[in-house]
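*Asks:* Have a look at this one.
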Amino acid sequence: MMKSKNPKPLIVFYALVFYVFLQFGWWAYLIFEMNVEITDLKKEVAVMKAETSQKDLSEFDNALHKKLLMVIGEGSVFLTLLFIGFYQVKKSFMREFSLARQQQNFLLSVTHELNSPLASIKLYLQTLLKRQSIPEEKKEALLNKALLDVERQSKLVNNILLAAKLEDNSFQFKIERINLSRTIEQLIQNHPQDTHKVEKRIDSDVLIDADLTAIQSIFINLYENALKYGSPDQPVEIDVEKQAQNAVLTIKNHGTTIPEKELNQIFEKFYRLGDENTRNSKGTGLGLFLVKFFTDAMDGKIKAASTSRGETAFTVYFKLNN
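Residue numbers (the working numbering): 597 to 918.
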């Protein structure tokens, strides 16, 4: 969890908690003292009337003991509820603060992600306009780079739109029979890249009932993450297979190790490791959120595992269509 750079709200909160518990302790002390004083006065009055035996005086002490036990019991319940209430308030505050920081990081990353491809495209077009004598081969290379940046920006916008639709429940799932094997093969072919070797082991005709847009989003986000964070001299491994009643998609890379405590947090909306101002990797923190949401929505499961050697694997389970 991120820590606040401005501790003033937490200082005020802890000061308030300390004051409340201090006052509780003081009032508890006063109640004890008051009950003891009242009992002593009753005993003195009874003695002055000369109508009280030693047994009657013991009854005063027993009554006092019962009252003190009642005060301790009720005070303990109140103190426990008070502690739980303060804990929940702090937990809610820290959760909201963490979300606010993640949203801030999201805005910073989106600004960068939108400006970067636009700046590149502008540069490519300016080069083509100013230098009319550029060889055709170089013109084609510049245009291809511009198209790749357009595609990159289009994927970013699509992820943002998908997240917005999921947020307001306007995304309509269209469940149909899908050949997962062919779909993954096509997606790999339509995502050309020359930085990594891809090793694939895909069983033929693995059929599932799912939403095609959701399957495409799941694979593309996991695949691009594997390429982004994987070491260029190590292959990205893609497996599609049948296991018992499940269709299993696994994407593994070799590169950055994800700390064990972060493995569950990486699926949270806007969550990214590190600080946005110092992070080198690109992204918005929406990709894995979309992966988890779509997987859960289609009654699937996703598991993430990362070893100290830098092997990271995401495994998605779907129900087979028999």
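Beta carbons: idealized from backbone N, C-alpha and C, even for Gly.
For Lys897, I'd like the list of residues in its chain whose CB is within less than 6 Å of its CB, leaving aside the five on either flank, ordered along the chain.
*Replies:* Tyr913
*Asks:* Tell me the DSSP secondary structure of Gln830 in three-state form.
*Replies:* coil
*Asks:* Can you find the residues in the same chain that come closer than 6 Å, C-beta to C-beta, to Gln830, ignoring five residues on each side of it along the sequence?
*Replies:* His850
*Asks:* Report the start-end ranges of each beta strand (DSSP E) in the region 758-833 that is 3 residues or longer and not cut off at the edges.
*Replies:* 771-775, 794-798 and 803-807
*Asks:* Rounded to whole angstroms, what's the CA-CA distance from Tyr610 to Asp636? Just pull it up for me.
*Replies:* Those two C-alpha atoms are separated by around 39 Å.
*Asks:* Give the straight-line distance between the Cα atoms of Val613 and Leu818, rounded to the nearest whole angstrom.
*Replies:* 45 Å
*Asks:* Give the straight-line distance between the Cα atoms of Ile814 and Lys915, rounded to the nearest whole angstrom.
*Replies:* 15 Å
*Asks:* Going by Cα to Cα distance, which pick from Asn917, Val616, Ser729 and Leu678 is closest to Lys838?
*Replies:* Asn917
*Asks:* Please report the straight-line C-alpha distance between Glu907 and Pro828, rounded to a whole angstrom.
*Replies:* Answer to the nearest angstrom: the Cα atoms are 13 Å apart.
*Asks:* How many Å lie between Phe885 and Gln782 at the Cα?
*Replies:* 23 Å
*Asks:* With H, G and I counted as helix, E and B as strand and the rest as coil, what does DSSP make of Asp895?
*Replies:* coil
*Asks:* Just to check my reading of the structure: Ile811 and Thr779 have Cβ atoms closer than 8 Å, yes? What is that Cβ distance to the nearest angstrom?
*Replies:* 6 Å
*Asks:* With C-beta atoms as the reference, is Ser766 less than 7 Å away from Ser800?
*Replies:* no
*Asks:* For Glu820, which option in Gly681, Ser716, Asn842 and Asn755 has the closest C-alpha, if you only look at C-alpha atoms?
*Replies:* When each option's Cα is compared against that of Glu820, the closest is Asn755.
*Asks:* Please report the residue range of the beta strand (DSSP E) in which Ile730 lies.
*Replies:* Per DSSP, Ile730 belongs to no beta strand (DSSP E) and is neither H nor E.
*Asks:* Answer with buried or exposed for Asp871, where buried requires no fewer than 16 other C-beta atoms within 10 angstroms of its C-beta.
*Replies:* Low per-residue confidence applies at Asp871: pLDDT is 48, beneath 50, and the placement is therefore not dependable, though the value from the model is reported in the following sentence. Under this definition Asp871 is an exposed residue.
*Asks:* Check Lys865 in the structure and name its three-state DSSP category.
*Replies:* coil
*Asks:* Taking the beta strand (DSSP E) that Ile847 falls in, what are its first and last residues?
*Replies:* That run of the beta strand (DSSP E) goes Asn842 to His850.
*Asks:* What is the C-beta distance between Ile774 and Ile804, in whole angstroms, given that I count them as a contact (C-beta under 8 Å)?
*Replies:* 6 Å
*Asks:* Can you tell which of Phe617, Asn860 and Thr791 has its C-alpha closest to the C-alpha of Val832?
*Replies:* Among Phe617, Asn860 and Thr791, the Cα nearest to that of Val832 is on Thr791.
*Asks:* Using DSSP's beta-bridge definition, name the partner residues of Val836.
*Replies:* Ile798 and Leu845
*Asks:* Tell me the residue span of the beta strand (DSSP E) that contains Thr853.
*Replies:* Careful: Thr853 lies outside any beta strand (DSSP E) and carries neither H nor E.
*Asks:* Which residues mark the beginning and the end of the beta strand (DSSP E) in which Thr903 is found?
*Replies:* Careful: Thr903 lies outside any beta strand (DSSP E) and carries neither H nor E.
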